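Residue numbers (my numbering), protein chains in the order written: chain A, 1 to 234; chain B, 235 to 414. Glycine included, every Cβ here is placed at the ideal spot set by N, Cα and C. Note that the structure is predicted; figures quoted are calculated from it, not measured.
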């Protein structure tokens, strides 16, 4: 029994030394081999790391330079994190209020009347300034679908139009998929876990290579944006 | 204020490849981890490189987080510390950096960055107080500044074997105290 206790105490000391980065190189290697094979040793190390961690509370934080985040993104995803281009003058769509008003007037003749929303209904019109690309988006939050109608315009040959959702306060756009190649209505299912706050979220269309953005973030020009306005409720 | 539960939720989403969650995790925790790297390395450029490596590792290892039994901030801090000390030791195996003066004076600490509450009150401070001041200083030096046995032996003017014996005894006492 005393052998086991001494053995355990030896491990306690070793794990503590390892947590403090004090072990000589060859002992460290041996310890790491054991870590891979012994769950109890890993648990012991975790206890040490947990016990020591509050020492770091006294270390003041320092904000790293903004460029560092871009470098991390470039290293991981091959592209910088999207700058908030949707908050700048790149927006070419109509203002939110005008959009919703225009759509409300248009509802009477639109196919919207056939919809039976189970939840709040959000509408947005995305259009370029010269209106050579117009896409209507109807988001039925209850049904978790996004209905898109391409009223005018379409992707350039060999390119695709990708739709993005930017929820308020989100740090990056979320891709909702590619716009259809042909005009007319299409319904996109929404992935579970999309931001719960949809009212006020911005939809945007960017020009991407065929098949969509290779990086998971917009890579091409932002062609049109629009704000989702809530117009209905159950 | 970001809670440990918030951080844990972000890590879980990062494990699923959620880049927005990764951005949020970076925004919430990078100042804390950068401060730790700066303290160990005393060199802005190296601290920046280390922080970058740490977050790359965090992205790739987030899926292993739940298996480890770590609280979220401890896990992040441990990743950052490990990389910083590895770099410190690599540097010391090379040339002596005689002009690496602490250059923290030009940046102000970020109060908000330290506002993530620890998931539990730290017994470590109270337990260290029960040790001889030199022994407590040695543990702190190793953890916060990345001091090696050679550094500690030089500081306290004792042979390597002695400092190791002292420290191992101190660690056993500490562990008993922490477990209470």
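So residue i contacts chain A; which residues on that side make the cut at Cβ distance below 7 Å?
i, result
"residue 383(B)", "22"
"residue 293(B)", "76"
"residue 273(B)", "59"
Assuming residue i and residue j form a contact by the criterion Cβ under 8 Å, report the distance between their Cβ atoms to the nearest whole angstrom.
i, j, result
"residue 16(A)", "residue 48(A)", "5 Å"
"residue 318(B)", "residue 380(B)", "7 Å"
"residue 64(A)", "residue 280(B)", "That belief does not hold up - the Cβ atoms of residue 64(A) and residue 280(B) are roughly 13 Å apart, past 8 Å."
"residue 305(B)", "residue 393(B)", "Wrong, their Cβ atoms sit about 37 Å apart, outside the cutoff."
"residue 224(A)", "residue 128(A)", "5 Å"
"residue 160(A)", "residue 210(A)", "5 Å"
How long is the line joining the alpha carbons of residue i and residue j, rounded to whole angstroms?
i, j, result
"residue 250(B)", "residue 293(B)", "10 Å"
"residue 32(A)", "residue 26(A)", "10 Å"
"residue 21(A)", "residue 324(B)", "13 Å"
"residue 122(A)", "residue 230(A)", "4 Å"
"residue 300(B)", "residue 139(A)", "35 Å"
"residue 278(B)", "residue 266(B)", "14 Å"
"residue 308(B)", "residue 55(A)", "11 Å"
"residue 187(A)", "residue 216(A)", "21 Å"
"residue 162(A)", "residue 137(A)", "13 Å"
"residue 70(A)", "residue 257(B)", "10 Å"
"residue 409(B)", "residue 208(A)", "57 Å"
"residue 36(A)", "residue 19(A)", "15 Å"
"residue 365(B)", "residue 401(B)", "11 Å"
"residue 375(B)", "residue 60(A)", "16 Å"
Would residue i pass as a contact of residue j if the rule is Cβ separation under 9 Å?
i, j, result
"residue 362(B)", "residue 13(A)", "no"
"residue 147(A)", "residue 180(A)", "no"
"residue 226(A)", "residue 206(A)", "no"
"residue 75(A)", "residue 286(B)", "yes"
"residue 203(A)", "residue 178(A)", "no"
"residue 404(B)", "residue 359(B)", "no"
"residue 52(A)", "residue 377(B)", "yes"
"residue 34(A)", "residue 23(A)", "no"
"residue 248(B)", "residue 262(B)", "no"
Kindly examine the ligand NAD and report whether one of its heavy atoms sits closer than 8 Å to the Cβ of residue i.
i, result
"residue 248(B)", "Among the ligands in the structure shown, none appear at all, so the ligand NAD cannot be discussed."
Starting from the beta carbon of residue i, find every residue of chain B whose beta carbon is closer than 9 Å, and list them in chain order.
i, result
"residue 219(A)", "Those do not exist, as residue 219(A) stays about 14 Å from chain B at its closest Cβ, beyond 9 Å."
Taking C-beta pairs closer than 8 Å, name the residues in chain A that residue i reaches, listed in chain order.
i, result
"residue 374(B)", "55"
"residue 282(B)", "64, 65, 68"
"residue 286(B)", "68, 71, 72, 75"
"residue 371(B)", "Neighbours of residue 371(B) on chain A: none; closest Cβ ~12 Å, over 8 Å."
"residue 260(B)", "69, 72"
If the cut is a Cβ gap below 7 Å, which residues of chain B does residue i touch?
i, result
"residue 50(A)", "304, 305, 308"
Taking residue i as the query, report the chain B residues whose CB atoms sit under 8 Å from its CB, ordered along the chain.
i, result
"residue 174(A)", "254"
Who are the neighbours of residue i on chain A, taking C-beta pairs under 9 Å?
i, result
"residue 237(B)", "Near residue 237(B) there are no residues of chain A at all, since even the closest Cβ is about 15 Å away, more than 9 Å."
Length-filtered (4 minimum) alpha helix (DSSP H) runs lying within the region 373–411 of chain B | 383–390
Contained alpha helix (DSSP H) runs [length at least 4] in the region 22–86 of chain A, N- to C-terminal order | 25–37, 39–52, 66–77
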